[in-house]
Amino acid sequence: MIDFHPNRPIKIRSAGQRVAANSLSVSPLVVGIDASNLRGGGGVTHLAELLLAANPAAHGVDSVVI
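Here it is as structure tokens:
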């Protein structure tokens, strides 16, 4: 799930920040992960370690919704 506004054109910057084409404001970048089939154990550990290694904030991601 990514915050998307169909009536506003979106540009992607190299830092991962999205800016509306007709605006100077920066909108937050939200990443959604569907983990509804994970019950525990290895899958949850893998997801946690993946997010730690990826460091989303360093790539312009404001929040991750799981």
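If you want our numbering, it's the position in the sequence shown, counting the first as 1, plus 11.
Glycine residues also receive a C-beta, built at the ideal position from the N, C-alpha and C atoms.
- Alpha carbon to alpha carbon, what distance is there between I44 and P67? One-based indexing of the sequence shown puts residue 67 at position 56. One-based indexing of the sequence shown puts residue 44 at position 33. Near 13 Å, if we compare the C-alpha coordinates of I44 and P67.
Within the continuous alpha helix (DSSP H) that includes G53, where are the two ends? By one-based count along the sequence shown, residue 53 stands at place 42. Element bounds for G53: G53 to A65.
#### Entry: V82: first and last residue of the uninterrupted beta strand (DSSP E) it sits in
Limits of the chain in this structure are 12 at one end and 77 at the other, which puts residue 82 out of reach.
Item to check | Between the CA atoms of E60 and V42 - distance to the nearest angstrom | outcome: Taking the first residue of the sequence shown as 1, we reach residue 42 at position 31. Taking the first residue of the sequence shown as 1, we reach residue 60 at position 49. Distance between the alpha carbons of V42 and E60: 16 Å.
Going straight from the alpha carbon of V75 to that of A46, what length do you get? Here residue 75 refers to the residue found at position 64 of the sequence shown. Here residue 46 refers to the residue found at position 35 of the sequence shown. Looking at the two C-alpha atoms, the distance is approximately 12 Å.
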